[in-house]
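Numbering (our numbering), first residue to last: 10 to 94.
Glycine included, C-beta positions come from ideal geometry on N, C-alpha and C.
Remarks on the structure that follows.
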């Protein structure tokens, strides 16, 4: 492990990409289809995870990728807040 690499990121880098994708898909679907406050909180929790990922990968992303990720983050937060109301 490199000196600048965090232990959590090292564990995530070693995870099976298919399993991570499927787990994330399940959480997203549950968050979107669960009504009310619980669905809104799950959606905002996903947004918080996306913020952490965005902050970690920001320096190595192209400007176009940054824009797309910011738009997706804005959409996710908007949906989460709308579900809370």
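How about residue i and residue j: do their beta carbons lie closer than 8 Å?
i          : j          : result
residue 49 : residue 89 : yes
residue 60 : residue 82 : yes
Go ahead and label residue i buried or exposed: buried means 16 or more other beta carbons lie within 10 angstroms of its beta carbon, across all protein chains shown.
i          : result
residue 40 : buried
residue 56 : buried
residue 66 : exposed
residue 87 : exposed
Using only alpha-carbon positions, find the residue among the options that is nearest to residue i.
i          : options        : result
residue 18 : 34, 62, 54     : 62
residue 85 : 38, 70, 71, 68 : 38
Which of the three DSSP states is assigned to residue i in this structure?
i          : result
residue 70 : coil
residue 75 : helix
residue 52 : helix
Counting only runs that start and end within the region 12-39, where is the alpha helix (DSSP H) found for 4 or more residues in a row? 16-22
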